[in-house]
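Trainee:
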Amino acid sequence: MKNIRPCLRLVQNSIFFQGQQRFLHVEKHKDYLRLINKNDTMDFHYIWLRHNCPTIGISIHPKTNERIVDCAAIPSEIKPEHVELVDNEKKLKITWSKDHASLFDLAFLTSNAYG
Numbered sequence: 066m067k068n069i070r071p072c073l074r075l076v077q078n079s080i081f082f083q084g085q086q087r088f089l090h091v092e093k094h095k096d097y098l099r100l101i102n103k104n105d106t107m108d109f110h111y112i113w114l115r116h117n118c119p120t121i122g123i124s125i126h127p128k129t130n131e132r133i134v135d136c137a138a139i140p141s142e143i144k145p146e147h148v149e150l151v152d153n154e155k156k157l158k159i160t161w162s163k164d165h166a167s168l169f170d171l172a173f174l175t176s177n178a179y180g
């Protein structure tokens, strides 16, 4: 049954992106963020979120689109200062310390959900 779960998650969340489901809320936990909708939850560790930040110029090279964040430079105890769903709940905005913010498309997070 473990092998089936990711496929089920993908099907459930593809419905979400057609506008039929919405994430109800976001929960901050000790070392991870939980996205919750009516049918599913998705957990993302803060280190993973910071490492996969899509911000051009800070986390992604503007010309090559390579990730330029050094994973070893991310503090193991990193936590967001603020999280919110924006853009009609299609994006997740995470404000980190040091005035850095990440803006994730929920489609990206859904397709890369691992826990």
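When we follow this note's numbering, the leftmost residue of the sequence shown carries the number 66, and every step to the right adds one. Don't be surprised by glycine CBs; every beta carbon is placed ideally from N, CA and C.
1) Note the first and the last residue of the continuous beta strand (DSSP E) segment covering T175.
2) In chain order, what are the residue ranges of uninterrupted beta strand (DSSP E) at least 3 long that sit wholly in the region 97-130?
3) Assuming the contact rule is C-beta atoms closer than 8 Å, I125 and R132 should be a hit. Round their C-beta distance to whole Å, please.
4) Applying the criterion that 16 or more other CB atoms from any shown protein chain within 10 Å of the CB defines a buried residue, is Q83 buried or exposed?
5) What are the residues that DSSP puts in a beta bridge with L157?
6) Quick one: Cα of K156 to Cα of T175, how far?
7) Take A172 as the anchor and find which of D96, Y97, T160, M107 has the nearest alpha-carbon.
8) Pull up the distance between the alpha-carbon of R74 and that of N102, whole angstroms please.
9) Between the alpha carbons of I139 and I123, how many angstroms are there, rounded?
Mentor: So, from the listed chains and residues:
1) Sequence index remark: in the sequence shown, residue 175 carries index 110 (1-based). Secondary structure note for T175: it is in no beta strand (DSSP E), and the uninterrupted alpha helix (DSSP H) holding it is 171-176.
2) 97-102, 106-110
3) Residue 125 sits at position 60 when you count from the first residue of the sequence shown. Residue 132 sits at position 67 when you count from the first residue of the sequence shown. About 6 Å separates the two Cβ atoms, so the contact holds.
4) Working through the sequence shown from its first residue, we reach residue 83 at position 18. Annotation note: pLDDT 43 at Q83 (below 50); position unreliable, coordinate value reported separately. It counts as exposed.
5) Locating residue 157 in the sequence shown gives position 92, where the first residue counts as 1. According to DSSP, which records beta bridges pairwise, L157 is partnered with L150, F169.
6) Numbered from 1 along the sequence shown, position 91 holds the residue referred to as residue 156. Numbered from 1 along the sequence shown, position 110 holds the residue referred to as residue 175. If you take the alpha carbons of K156 and T175, they lie about 11 Å apart.
7) Within the sequence shown, the letter at position 107 stands for residue 172. It is M107.
8) Reading the sequence shown from its first residue, position 9 is the one you call residue 74. Reading the sequence shown from its first residue, position 37 is the one you call residue 102. Note on R74: pLDDT 43, under 50, position unreliable in the model; no value is reported.
9) Counted from its first residue, the sequence shown places residue 139 at position 74. Counted from its first residue, the sequence shown places residue 123 at position 58. Their Cα atoms are separated by approximately 13 Å.
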